[in-house]
Each structure stands twice: as C-alpha cells, then as structure tokens.
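Before any comments, here is the structure.
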Amino acid sequence: AGSVVFDNVTKTYGKGAVTAIDNVSFTIQPGELVTLLGPSGCGKTTTLRMIAGLEHATRGKILIGGKDVTQLPATDRDVSMVFQSYALFPHMTVLENVAYGLTVTGVAKHEAREKAEEGLRLVGLEGYGPRLPSELSGGQQQRVAVARALVLEPEVLLLDEPLSNLDAKLRRQVRTEIRELQQKLGLTAVYVTHDQEEALAVSDRIIVMNRAVIAQQGTPRELYEKPASAFIADFIGDANLVDGTVIGIDGDMARIDIGGLNVNLQHRGQSPGPVQVAVRPDAIRLVQGETASDQSSLKGHILHAAYLGNHMQYSIASELGELFVIDGHIDAPRAIGDEVRLGFADRGLAVVAID
Ligand code: ADP
Ligand code: MG
C-alpha cells in the first residue's frame with residue numbers, strides 16, 4: 007500500500023473560471039482509510055480524479071508511494087477506482103467483469119480467472135461468477151465493482167460515493183464490509199462521501215472540504231469533539247450555535263458564561279470576550295423541578311416534541327434562541343407548551359469561533 011501526498015495542489019476548470027481545488031495539501035499514510043467529506047460541489051470528486059490521473063493539477067505536486075506522479079497519465083498509475091454507478095459491463099458475466107481489468111493489462115487468462123474468483127470470494131460472492139450483473143441486487147453489483155478494483159492490487163483504492171445508489175440498511179452493511187476488507191488487506195483507501203455518518207463510521211481520518219479548501223482534518227473523534235469552526239460543528243453531527251462570554255482563562259481552559267450558566271471549555275483564543283459555542287443536542291439536559299434554580303439552569307418551553315423510539319427530540323425556546331435537544335427519558339416525555347429548565351452536560355460543548 008502506498009501513501010498519497012497533495013502538495014499545494016490547485017485545480018481550475020474552464021481556463022481558470024472555476025477553482026475546484028484551491029491550494030490543498032494533505033498526506034494519507036499507507037494502510038489508512040481517509041474520507042473526503044463535504045457538501046456537493048466542494049471538490050471531492052476532482053481530488054479523487056486527480057489521484058487517479060483522470061484530471062491533472064493546474065498547480066502543485068501529487069505523490070503516490072513517494073513517487074511524483076503529477077504528470078503521469080492514469081494508465082501509468084497504480085490506483086483503481088470504484089464509482090457510484092458501479093459501471094459494470096452489462097453483457098459480460100460477473101467473473102468476466104472482475105477479470106477484465108487484469109486481462110487488459112496482460113495477465114494470462116487462467117490467472118486472471120483465478121484472481122477474479124478470489125476477488126469474488128473476498129466480497130462474499132463466491133459462486134456468482136457465471137451470472138450477469140442484471141441478475142444481482144444493487145448491493146451485490148456494488149460488491150462486484152469493489153472486487154474488480156481489488157483484484158488489480160492497487161497501491162491506492164479510490165471510492166467515489168460508492169454507496170449512493172443503495173438503500174439505507176444496505177448502505178450500513180456494505181460500508182462495514184468495505185471497511186473490514188480495507189483493514190484486512192491493509193489497503194490505502196480514499197473514500198468520498200457527503201454523508202457525515204458514513205464518514206464517521208468507516209474512516210481512520212476525515213478530511214472535511216468546503217468550497218475548494220480543507221475546512222479541517224482529523225480523526226472522527228477529533229472532528230466531533232473539537233470542531234474548529236461552526237461549519238464543522240454543524241456538518242459533523244448536529245449542533246446548536248449559541249453566544250457565550252469568556253469570563254476567565256486558566257491555561258487553555260476557559261470559564262464561559264452561556265445565558266448566565268458557567269461552563270469550563272477548552273479555549274482557542276487569548277482574551278476574555280464574546281465567543282460562539284457549539285452545543286450538541288444531547289449536551290442539553292432537561293433539569294427536574296426540585297434541583298432547578300436560576301443559577302444552575304435556564305428557562306425554556308417546548309415548541310415541538312417528537313418520539314423517536316429510543317429518545318425524544320425537542321425544539322425548545324430559550325433566551326439562547328431555539329434549541330434542538332435530544333433527551334433519553336422517553337418514559338416522561340414533555341409536551342408542547344411545557345415550561346422546562348435546562349442545564350449543560352459536562353461534554354458535548356466546544357468553542358468554535360472567537361470574535
Ligand atoms: P464534489 O465531488 O465535491 O461534488 P466536484 O469535484 O465534482 O465536487 O466539483 C467541484 C467544482 O468544480 C464544482 O463547482 C463543479 O461544478 C466544478 N467542476 C467539476 N468538474 C468540472 C468540469 N469538468 N468542468 C468544469 N467545472 C467542473
Ligand atoms: Mg462528487
């Protein structure tokens with residue numbers, strides 16, 4: 007497995023009219039699964055296609071396995087790609103589809119056949135070789151596409167929204183299979199998705215992109231627990247963005263007043279003053295009447311309530327604005343119009359912007 011390095015890469019289309027990637031740098035280590043995550047149009051596919059050599063960088067350098075491939079055509083790069091649309095040949099059998107990439111690179115027929123059978127075994131489709139793609143389900147077709155990419159034993163496996171055409175249950179199943187295979191084979195993989203839950207579930211690290219640049223990169227936990235901006239806090243999981251005031255600093259910890267309540271949070275700025283705080287929906291607690299006081303809780307009233315099986319989902323009006331709250335106490339649900347008292351949990355809050 008090889009590393010992938012982007013060194014100040016810029017890509018423009020239409021003689022510079024569109025900047026799809028703006029001076030982006032990152033390193034993907036051998037054996038890592040890194041996800042490119044971001045809203046539609048942020049440059050994910052362009053980045054992947056540049057790794058594959060299907061697009062060329064306008065400026066900057068791209069290295070695969072330590073080798074400068076910036077000018078190298080796709081056919082000379084040791085990568086293979088899995089597309090959203092599977093892109094299987096409909097008139098070829100499953101086995102022929104998987105073997106195809108091998109035979110065009112000159113692998114002998116019987117050897118290609120053996121490798122293709124091994125590939126189908128890896129993705130749990132042993133025995134499906136003689137069928138046509140149309141005789142398989144969507145999930146099975148996508149597994150064939152994965153097998154076809156794997157048998158080429160690429161230095162880097164690229165996957166562009168590979169699960170978009172599958173329904174929700176199947177998406178969860180196939181993403182787990184892809185992750186297990188990648189770890190078992192020790193592959194370097196670059197995985198593109200716009201689905202944050204999928205990114206959290208499969209990745210060693212996530213590179214979050216927004217408008218042609220990297221917004222933040224880190225492990226799923228780092229991004230969720232230490233979002234560097236309101237954009238990240240809102241994009242990875244849900245967040246209420248509320249105003250707070252830093253009233254004291256001790257090292258990198260800050261005492262912050264939020265609507266009259268005090269919390270201690272990791273702080274990124276220097277001086278006391280206004281900050282924006284991201285508050286996860288499950289970091290807001292509904293405080294029971296007896297223990298509630300003005301010092302330890304905020305007033306609110308329920309605007310919307312929804313029962314979601316294992317938790318309640320509320321929208322609550324408060325002096326901090328309308329708050330989105332998730333509460334696990336399904337046996338004592340609150341009703342629309344109920345007066346409630348709110349407190350903050352010890353985790354699930356982060357300073358995301360300093361004025
Ligand atoms: P994503 O995969 O994140 O949705 P893309 O990489 O496909 O984003 O696109 C990034 C930007 O580049 C978008 O503004 C898109 O319209 C533009 N773009 C992509 N491909 C081309 C192309 N071949 N010609 C012109 N503009 C393009
Ligand atoms: Mg795309």
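In UniProt numbering, the protein residues as written are 7 to 361. We put the CB at the ideal spot given by N, CA and C, even for glycine.
If you draw a straight line from the alpha carbon of residue i to that of residue j, how long is it in whole angstroms?
| i | j | result |
| --- | --- | --- |
| Leu176 | Gly145 | 7 angstroms |
| Gly107 | Pro36 | 23 angstroms |
| Thr194 | Arg274 | 33 angstroms |
| Gln319 | His200 | 24 angstroms |
| Arg154 | Leu165 | 12 angstroms |
| Asn29 | Gly71 | 21 angstroms |
| Gly279 | Asn270 | 15 angstroms |
| Ala23 | Tyr134 | 47 angstroms |
| Gly66 | Thr16 | 6 angstroms |
| Val75 | Arg83 | 8 angstroms |
| Gly59 | Lys115 | 27 angstroms |
| Gly265 | Ser302 | 11 angstroms |
| Glu325 | Asp333 | 20 angstroms |
By the 10 Å Cβ neighbour count, where 16 or more other Cβ atoms means buried, how is residue i classified, buried or exposed?
| i | result |
| --- | --- |
| Arg181 | buried |
| Gly44 | buried |
| Phe12 | buried |
| Met56 | buried |
| Met259 | exposed |
| Tyr313 | exposed |
| Ile68 | buried |
Would you mind stating whether residue i and residue j have Cβ atoms separated by less than 9 angstroms?
| i | j | result |
| --- | --- | --- |
| Ser167 | Gln90 | A small fix is needed here, since residue 167 is Glu in this sequence, not Ser. Yes, the Cβ-Cβ distance between Glu167 and Gln90 is below 9 angstroms. |
| Gln282 | Leu304 | no |
| Ile255 | Ser277 | yes |
| Gln147 | Tyr92 | yes |
| Ile242 | Gln189 | no |
| Ala351 | Ile290 | yes |
| Ala218 | Ile238 | no |
| Val129 | Glu183 | yes |
| Leu329 | Val293 | no |
| Ser209 | Thr225 | yes |
| Ala245 | Val285 | yes |
| Ser321 | Ile336 | no |
| Leu126 | Val150 | yes |
| Pro287 | Val358 | no |
| Glu120 | Ala7 | no |
| Thr33 | Ser9 | yes |
| Pro96 | Pro139 | yes |
From the DSSP secondary-structure annotation, give me the bridge partner or partners of residue i.
| i | result |
| --- | --- |
| Val285 | Asn246, Leu355 |
| Gln19 | The amino acid at residue 19 is misidentified as Gln; the sequence shows Tyr. Bridge partners of Tyr19: Val24. |
| Arg154 | According to DSSP, which records beta bridges pairwise, Arg154 is partnered with nothing at all. |
So, does the CB of residue i fall closer than 9 angstroms to a CB anywhere in chain C?
| i | result |
| --- | --- |
| Gly125 | As a matter of chain content, chain C is missing from the structure shown, which is built from one protein chain. |
Could I get the ranges of all uninterrupted beta strand (DSSP E) runs contained in the stretch 192-277, with 3 residues as the minimum, in chain order?
-> Counting only runs of 3 or more, we get 194-199, 211-216, 219-224, 246-256, 259-264, 267-272.
Residue list, Cβ distance to the ligand ATP heavy atoms smaller than 5 angstroms = Looking at this structure, you won't find the ligand ATP anywhere; what it does contain is the ligand ADP and the ligand MG.
Minimum length 4: unbroken alpha helix (DSSP H) runs contained in the stretch 32-80 | 50-58
Along the chain, which unbroken stretches of the alpha helix (DSSP H) at least 4 residues long are found entirely within the stretch 110-172?
-> 115-128, 144-156
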